[in-house]
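There are 2 protein chains.
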Amino acid sequence: MVRKRQEQVLTKRGTATRQRIVETAARLVYEQGARGTSLDDVMERTGTSKSQLYHYFDNKDALLRAVIQWQTKRIIGAQTGAIPALDTFEALKRWGDMIVASVIDNGGRGGCPLGSLASELADYSEKARVLLGESFDLWEAEIARGLDAMKVRGELAPAADPGELATAAMTALQGGKLLAQTQRSERPLRLAMDMALENIARHLKPKRGPRRAR
Amino acid sequence: MVRKRQEQVLTKRGTATRQRIVETAARLVYEQGARGTSLDDVMERTGTSKSQLYHYFDNKDALLRAVIQWQTKRIIGAQTGAIPALDTFEALKRWGDMIVASVIDNGGRGGCPLGSLASELADYSEKARVLLGESFDLWEAEIARGLDAMKVRGELAPAADPGELATAAMTALQGGKLLAQTQRSERPLRLAMDMALENIARHLKPKRGPRRAR
DNA sequence: CTAAAATTGGACTTACAAGTCCAATTTAGA
DNA sequence: TCTAAATTGGACTTGTAAGTCCAATTTTAG
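From first to last, the protein sequence lines are chains A and B. Numbering-wise (the numbering used here), the first sequence opens with residue 5 and increments by one. Numbering-wise (the numbering used here), the second sequence opens with residue 5 and increments by one.
Structure below.
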């Protein structure tokens, strides 16, 4: 968690102000995009002044990087909060359902906060691109962690590669979110998550009792 | 193909100018994004004037819509040009390889021209969103066409739904492109396309002779 | 308490971008 | 040929956005 600007110590008040700026900026950026969100927007919604923004961040790009890091923690935190571990196929199915259900939230508008930023910033800010790449890695690692536990317990075939399965699932999630946002329909996201889950189910080892799900 | 502005007849020269504007704008928008491309950029690169842009397009949004339609035709045309029909699993594999190889083109930079525009414009321009939704439908229809042929020939199980398989493949393609662009690696795209192809292979009916591929 | 550091207000500069406007030139078609 | 329509040049307006600057206020720590 590179913080930079630590030559300057933040007081309690300063920390609160900085946090308020980051969270508000995150919401605005999610709704309007990075380029579509002006610093004046952020100032107005946070009740801060220009000098405050530039006191806590070197420039707009630095603020956007803080937004990326905050969103990354928020998203992964929300996921582990709802489903502590993706280490059973049942948990994976609930995870998929949760992702699909998220389309309703904003009436179909808004894709994945990280995916949208990645698309907008990857070729615009090298620092942001690297950060977003790491964000996806972290998110995928959380998924791979559950798959790995399944593999250790012998529920997934030895040949299954948790890291690759997690990455494939992430591509499905991102592509599904994008199409759902574009077509204002949960259909593509549902099909994407079903595909990702089936891609994992391929490596499930049959167990005594109940049959392979789905 | 809604053209609008047909109250005004275009001469041969006018058509050429308009086309030059659209193609150049498409390249700039692909490289810099829609918001990152100014009309002055387009003017400079096409050697046109402000009045020409506004002569052929109502406003910037209308130009962007023309870009979307042109890219849609270009992408689908390029695909059918390289692989006339995705009606064998071999053709599908070549298609997947072609998609993966496309990452090299711009040194990893640049995602899918349509996907990038969708992410940027879906919540910004309703007209553009609808158009992009239709673009994905057209592209998917081209994929579904091949799958349907396989189904008719009995190579795909009757339960297989070409439309759903095509949509799932499109989400994999888009998500894979996005992650590849973000991480400057073809790995996520390769895993995505493998997943999409496997998702189709699930419905392959075994045929005499060679075993199920992959 | 008091000096140094952190925090804040807000005006100002500079750059750029979308869109308007009008006049000049070229082309098409009768 | 001639005239109306299409095409083009380019200055201009208006709005916005990032970033700078300096002074005022508040807080922290010795």
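C-beta atoms are modelled at their ideal positions from N, C-alpha and C, and glycine is treated no differently.
- Within chain A, no residue has its CB atom less than 8 Å from the CB of S42 (chain B), the nearest being about 12 Å off.
- Taking the C-beta atoms as reference points, G167 (chain A) is found no nearer than 9 Å to L90 (chain A).
- For N63 (chain A), no CB of chain B lies under 9 Å from its own CB, so it is not counted at the interface with that chain.
- By the rule that beta-carbons nearer than 9 Å mark a contact, Y128 (chain B) touches chain A.
- By the beta-carbon neighbour count (other beta carbons within 10 angstroms, threshold 16), P88 (chain B) is exposed.
- The residue among A:T21, A:G37, A:Y34, A:Q75 with its C-alpha nearest the C-alpha of Q56 (chain A) is A:T21.
- Listed in chain order, the non-local C-beta contacts of E146 (chain B) below 6 Å within the same chain comprise I80, local neighbours out to five positions each way being set aside.
- Between Q187 (chain B) and chain A, the shortest Cβ-Cβ separation is below 9 Å.
- For the set A:R188, A:D127, A:K155, the Cα lying nearest the Cα of G114 (chain A) is the one of A:R188.
- Only residues of its own chain outside the window of five on either side were considered, and among them Y34, G37, G114 have a CB closer than 8 Å to the CB of S120 (chain B), listed in chain order.
- With its beta carbon at least 9 Å from every one in chain A, M102 (chain B) lies outside the interface.
- Its chain contains no residue whose beta carbon lies nearer than 6 Å to that of N110 (chain B) once the 5 sequence neighbours on both sides are disregarded.
- A direct Cα-Cα distance of roughly 27 Å separates S129 (chain A) from I25 (chain B).
- Checking the DSSP bridge columns, you'll see L160 (chain B) partnered with B:L208.
- Assigned with DSSP and collapsed to three states, V13 (chain A) falls in coil, not helix or strand.
- Shown here, N203 (chain B) sits in a helix according to DSSP, grouped into three states.
- In this structure, L183 (chain B) lies near M174 (chain A), with their beta-carbon atoms less than 9 Å apart.
- Taking 8 Å as the upper bound for CB-CB distance, L32 (chain A) and R49 (chain A) are in contact here, some 7 Å apart.
- Taking a cut-off of 8 Å on C-beta distances, the segment 186-205 of chain A touches the segment 93-104 of chain A, as three or more cross pairs fall below it.
- DSSP, read as helix, strand or coil, puts Y128 (chain A) in coil.
- Under the three-state reduction of DSSP output, L90 (chain B) falls in the coil class, being neither helix nor strand.
- For D198 (chain B), the closest Cβ of chain A is nearer than 9 Å.
- Taking all protein chains in view, the Cβ of Q185 (chain A) is crowded by 16 or more other Cβ atoms within 10 Å, so the residue is classified as buried.
- Inclusion of T92 (chain B) and M154 (chain B) in the CB contact set at 9 Å is warranted, their separation being smaller than that value.
- By the C-beta density criterion, A86 (chain B) is exposed, having fewer than 16 other C-beta atoms within 10 angstroms.
- V71 (chain A) is not a Cβ neighbour of A122 (chain A), given a cutoff of 9 Å.
- Against chain A, a Cβ distance below 7 Å from G137 (chain B) picks out T186, Q187.
- Distances from the CA of I103 (chain A) to each of A:Q12, A:M199, A:K209, A:L193 were compared; the closest alpha carbon is that of A:L193.
- Chain A places a beta carbon closer than 9 Å to that of E168 (chain B), counting this residue as a contact.
- The beta carbon of T171 (chain B) falls within 9 Å of a beta carbon belonging to chain A, placing the residue at that interface.
- Using a Cβ distance threshold of 9 Å, L195 (chain A) and L125 (chain A) do not count as a contacting pair.
- Under the three-state reduction of DSSP, E190 (chain B) is assigned to coil, being neither helix nor strand.
- A direct Cα-to-Cα measurement between D198 (chain A) and Q23 (chain B) gives close to 41 Å.
- Judged by DSSP in its simplified three-state form, T52 (chain A) adopts coil rather than helix or strand.
- If you draw a straight line from the Cα of G179 (chain A) to the Cα of G180 (chain B), it comes to about 7 Å.
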